[in-house]
Amino acid sequence: MNIVIFSGPPSSGKTSIILKTIDTLKQRNINIGVVKFDCLYTDDDVLYEKAGIPVKKGLSGALCPDHFFASNIEEVVQWGLKLGLDLLITESAGLCNRCSPYIKQIKGVCVIDNLSGINTPKKIGPMLKSADIVVITKGDIVSQAEREVFASKVSSVNPRAVTMNINGLTGQGAYELSTLLIDKEKDIDSVQGMELRFPMPAAMCSYCLGETRIGEAFQMGNVRKMDLGDDHE
Amino acid sequence: MTMNNLSIRELIEKYPFVASYFEDNKLDINGFEDYTFEEYLNHFSGEEIENWAIDKERLKEDLEAFIVQMKEFLGIKDEVGIQSLTIVSGHDKSKNPEGFREFTINKSEIVSIVGPTGSGKSRLLADIEWTAQNDTPTGRTILIDGKKPDMKWRYSSNNKLVAQLSQNMNFVMDLTVREFLELHAQSRLVEDVEATIDKIIIAANNLAGEKFDIETPVTSLSGGQSRALMIADTAILSSSPIVLIDEIENAGIDRKKALDLLVSEDKIVLMATHDPTLALIADKRIVIKNGGIDKIIETNEEEKAILTDLERMDLFIQGMRSKLRSGERLGGKR
Numbered sequence: 001m002n003i004v005i006f007s008g009p010p011s012s013g014k015t016s017i018i019l020k021t022i023d024t025l026k027q028r029n030i031n032i033g034v035v036k037f038d039c040l041y042t043d044d045d046v047l048y049e050k051a052g053i054p055v056k057k058g059l060s061g062a063l064c065p066d067h068f069f070a071s072n073i074e075e076v077v078q079w080g081l082k083l084g085l086d087l088l089i090t091e092s093a094g095l096c097n098r099c100s101p102y103i104k105q106i107k108g109v110c111v112i113d114n115l116s117g118i119n120t121p122k123k124i125g126p127m128l129k130s131a132d133i134v135v136i137t138k139g140d141i142v143s144q145a146e147r148e149v150f151a152s153k154v155s156s157v158n159p160r161a162v163t164m165n166i167n168g169l170t171g172q173g174a175y176e177l178s179t180l181l182i183d184k185e186k187d188i189d190s191v192q193g194m195e196l197r198f199p200m201p202a203a204m205c206s207y208c209l210g211e212t213r214i215g216e217a218f219q220m221g222n223v224r225k226m227d228l229g230d231d232h233e
Numbered sequence: 234m235t236m237n238n239l240s241i242r243e244l245i246e247k248y249p250f251v252a253s254y255f256e257d258n259k260l261d262i263n264g265f266e267d268y269t270f271e272e273y274l275n276h277f278s279g280e281e282i283e284n285w286a287i288d289k290e291r292l293k294e295d296l297e298a299f300i301v302q303m304k305e306f307l308g309i310k311d312e313v314g315i316q317s318l319t320i321v322s323g324h325d326k327s328k329n330p331e332g333f334r335e336f337t338i339n340k341s342e343i344v345s346i347v348g349p350t351g352s353g354k355s356r357l358l359a360d361i362e363w364t365a366q367n368d369t370p371t372g373r374t375i376l377i378d379g380k381k382p383d384m385k386w387r388y389s390s391n392n393k394l395v396a397q398l399s400q401n402m403n404f405v406m407d408l409t410v411r412e413f414l415e416l417h418a419q420s421r422l423v424e425d426v427e428a429t430i431d432k433i434i435i436a437a438n439n440l441a442g443e444k445f446d447i448e449t450p451v452t453s454l455s456g457g458q459s460r461a462l463m464i465a466d467t468a469i470l471s472s473s474p475i476v477l478i479d480e481i482e483n484a485g486i487d488r489k490k491a492l493d494l495l496v497s498e499d500k501i502v503l504m505a506t507h508d509p510t511l512a513l514i515a516d517k518r519i520v521i522k523n524g525g526i527d528k529i530i531e532t533n534e535e536e537k538a539i540l541t542d543l544e545r546m547d548l549f550i551q552g553m554r555s556k557l558r559s560g561e562r563l564g565g566k567r
């Protein structure tokens with residue numbers, strides 16, 4: 001079974017891109033399943049179900065969603081193997097722009113959109129910088145100039161990625177993406193022991209453990225203070 | 234690679250574009266100009282590396298890849314550009330062969346594309362953009378200058394074969410026309426930014442019904458002005474040799490001049506349209522049916538005569554429009 005990890009900021013078009021790509025893969029009789037990771041809520045699983053695709057969703061709730069991803073991915077892989085899938089796709093929203101769920105040896109795709117602003121490629125960390133494929137969406141509603149400027153910003157933070165423009169509404173470009181996803185030599189039957197491409201951010205302060213009170217006396221563990229300077233005279 | 238021994242100052246002297254690599258990766262090199270890139274990366278503390286998600290190995294490898302890519306991009310800019318695009322036929326959705334064998338479009342030619350929604354116009358465009366090699370659902374093959382194209386057209390983010398202009402496009406950045414064009418010119422590594430901007434403004438104002446000022450925010454331009462600016466900018470600044478136009482609304486813009494501008498900049502123009510004036514300006518039109526190219530029609534003498542009538546009507550309507558705008562009464566001979 002092949003695995004592809006999709007991630008990208010909320011509302012960038014991940015689900016549309018995956019659905020359009022699956023459409024073209026199904027015509028080639030490839031057996032696909034999807035696992036959607038989110039934080040509090042998602043109804044994307046319904047969209048996948050409607051398309052007749054086996055789907056599971058994982059809501060991380062009070063936990064950091066990317067940590068939740070890392071703790072569950074092996075079980076997810078075993079689920080996919082049990083169903084006899086050829087391709088397992090995981091989809092997760094990058095919620096704090098610092099994390100990335102990509103695993104070494106497993107293809108990682110980042111979906112970002114042209115509307116998100118020209119500085120977005122700069123703001124997103126490893127989720128964009130360490131992706132193998134960057135999909136840029138919503139190109140049909142911004143000018144050619146903005147598309148070119150946006151793509152050049154993406155390429156300066158991740159020059160080695162394959163960058164593609166895909167229209168999530170018409171599916172233009174989805175067939176082309178589908179040809180890059182499956183690679184017989186990348187077949188795996190477990191991710192046990194594999195490594196994340198980038199360490200997730202450290203936390204563990206009193207607020208991680210449920211503290212609600214504000215004030216120095218209640219801050220323990222990994223706490224960092226902003227530098228506000230002393231120009232307030 | 235040799236860059237390992239160069240100081241950051243020497244790197245920037247040799248490859249001025251690396252400044253944007255440092256900037257976009259939030260690497261503040263001020264005061265470190267005499268360090269090599271590796272030495273600079275090594276100055277970060279463990280805490281900084283963790284806090285700012287700095288991946289030293291990746292940044293080093295990426296810088297090399299970035300330099301190679303930008304050098305390649307500059308090289309392409311110096312080339313003459315492509316001369317022709319050839320579509321070799323495949324089949325439609327029902328696997329019937331398409332109604333032509335091979336179709337070549339040369340630079341400075343305009344070809345229109347007609348066919349109902351969902352008939353396969355997007356697929357044709359995607360085939361061109363991806364330089365299909367009998368490896369897409371239509372089985373078409375795309376040749377550039379009569380040869381199998383370089384794979385760079387597929388995978389590189391800065392060298393896209395096709396630029397697109399469509400009805401739904403908007404400017405979304407909060408910038409003035411000048412700032413906007415500066416940004417685009419910089420991303421294309423243009424040497425004389427000022428002269429290029431002037432050229433675009435003159436061209437855009439030549440197309441727009443109503444002139445606009447260079448200090449106007451792009452988001453405040455009218456529909457016609459926006460289209461004029463987008464077309465002038467695509468013609469002059471975009472590196473893509475093929476331009477696909479999805480209809481040009483007949484308001485606030487001189488469409489004939491817009492097409493002339495694209496053609497004069499050596500673009501190959503493909504135009505999806507059901508507007509008779511636009512369709513007949515093209516020398517040929519591709520008719521799409523059931524996912525395939527059904528036939529290719531050459532515009533004949535009779536149609537060219539109709540075009541003259543249509544252009545006269547367009548002119549008449551445009552005259553009315555500008556009278557309305559300037560507060561005059563509509564009148565005159567009919």
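Protein sequence lines, in the order shown, are assigned to chains G and U. When we follow the numbering used here, the leftmost residue of the first sequence carries the number 1, and every step to the right adds one. When we follow the numbering used here, the leftmost residue of the second sequence carries the number 234, and every step to the right adds one. For glycine and all other residues, C-beta sits at the position ideal for the given N, C-alpha and C.
Residue i and residue j: beta carbons closer than 8 Å?
i             : j             : result
residue 74/G  : residue 172/G : no
residue 358/U : residue 501/U : no
residue 87/G  : residue 32/G  : yes
residue 121/G : residue 153/G : yes
residue 464/U : residue 503/U : no
residue 68/G  : residue 84/G  : no
residue 325/U : residue 523/U : yes
residue 505/U : residue 346/U : yes
residue 44/G  : residue 15/G  : yes
residue 440/U : residue 517/U : no
residue 354/U : residue 521/U : yes
residue 151/G : residue 399/U : no
residue 136/G : residue 163/G : yes
residue 530/U : residue 333/U : no
residue 485/U : residue 552/U : no
residue 134/G : residue 89/G  : no
residue 519/U : residue 344/U : yes
So residue i packs on residue j, CB below 8 Å; how close in whole Å?
i             : j             : result
residue 514/U : residue 548/U : Incorrect: roughly 14 Å between the Cβ atoms, too far for contact.
residue 470/U : residue 417/U : 6 Å
residue 101/G : residue 5/G   : 6 Å
residue 167/G : residue 146/G : In fact, because the Cβ distance is near 15 Å, the residues do not count as touching under 8 Å.
residue 106/G : residue 3/G   : 5 Å
residue 315/U : residue 377/U : 5 Å
residue 303/U : residue 270/U : Not confirmed; about 15 Å, so no contact.
residue 254/U : residue 307/U : Incorrect: roughly 15 Å between the Cβ atoms, too far for contact.
residue 157/G : residue 257/U : 5 Å
residue 99/G  : residue 201/G : 7 Å
residue 50/G  : residue 195/G : Not really, about 36 Å apart at Cβ, beyond 8 Å.
residue 13/G  : residue 138/G : 7 Å
residue 132/G : residue 108/G : 5 Å
residue 401/U : residue 230/G : Actually they do not touch by this definition, with Cβ atoms about 51 Å apart.
residue 149/G : residue 118/G : 6 Å
residue 460/U : residue 475/U : Residue 460/U to residue 475/U, Cβ: 19 Å. No contact.
Using 8 Å as the cut-off, can you tell me whether the stretch 439-449 of chain U makes contact with the stretch 408-418 of chain U, which would need three or more C-beta pairs spanning the two stretches below that distance? yes
At a CB distance below 7 Å, what residues from the stretch 479-505 of chain U approach chain G? Give them in sequence order. none
The stretch 379-394 of chain U: positions lying closer than 9 Å to chain G by Cβ: 387, 388, 389, 390, 391, 393
Counting beta carbon pairs with one atom in the stretch 504-513 of chain U and one in the stretch 426-437 of chain U, are three or more of them shorter than 8 Å? no
In chain order, what are the residue ranges of uninterrupted alpha helix (DSSP H) at least 4 long that sit wholly in the stretch 363-430 of chain U? 385-388, 410-420
With three or more beta-carbon pairs closer than 8 Å as the criterion, would you say the stretch 369-376 of chain U touches the stretch 555-565 of chain U? no
Determine which residues of the stretch 270-293 of chain U have a Cβ less than 7 Å from any Cβ of chain G, and write them out in chain order. 283, 286, 288, 291
Determine which residues of the stretch 173-199 of chain G have a Cβ less than 8 Å from any Cβ of chain U, and write them out in chain order. 173, 175, 176, 179, 198, 199
Residues of the stretch 70-85 of chain G with a CB closer than 8 Å to any CB of chain U: list them in chain order, please. none
To be precise: take each residue of the stretch 249-270 of chain U, compare its Cβ to all Cβ atoms of chain G, and keep it if any distance is under 7 Å. Which residues remain? 253, 254, 257, 258, 259
Contact the stretch 37-44 of chain G vs the stretch 138-145 of chain G: 3+ CB pairs below 8 Å: no
Against chain U: residues of the stretch 142-153 of chain G by CB proximity under 7 Å: 142, 143, 144, 145, 146, 148, 149, 151, 152, 153
Does the stretch 393-404 of chain U come within contact of the stretch 344-363 of chain U, defined as at least 3 CB pairs closer than 8 Å? yes
Members of the stretch 104-120 of chain G that neighbour chain U once the beta carbon cut-off is set at 7 Å: 115, 118
At a CB distance below 8 Å, what residues from the stretch 358-371 of chain U approach chain G? Give them in sequence order. 358, 359, 362, 363, 368, 369, 370
Fully enclosed by the stretch 27-99 of chain G, which alpha helix (DSSP H) runs are 4 residues long or longer? 44-50, 65-82
Return the chain-ordered ranges of every alpha helix (DSSP H) run that is complete within the stretch 120-202 of chain G and spans a minimum of 4 residues. 120-123, 126-129, 144-157, 174-181
Using a Cβ-Cβ cut-off of less than 8 Å, give me the residues of the stretch 416-434 of chain U that come near chain G, in sequence order. 416, 417, 420, 421
Positions along the stretch 156-169 of chain G whose CB lies within less than 9 Å of some CB in chain U: 156, 157, 158, 159, 160, 161, 162, 163, 164, 165, 167
Members of the stretch 16-43 of chain G near chain U, C-beta cut-off 8 Å: 24, 27
Every unbroken alpha helix (DSSP H) within the stretch 452-536 of chain U, with a cutoff of 4 residues, ordered by chain: 456-470, 488-497, 509-514
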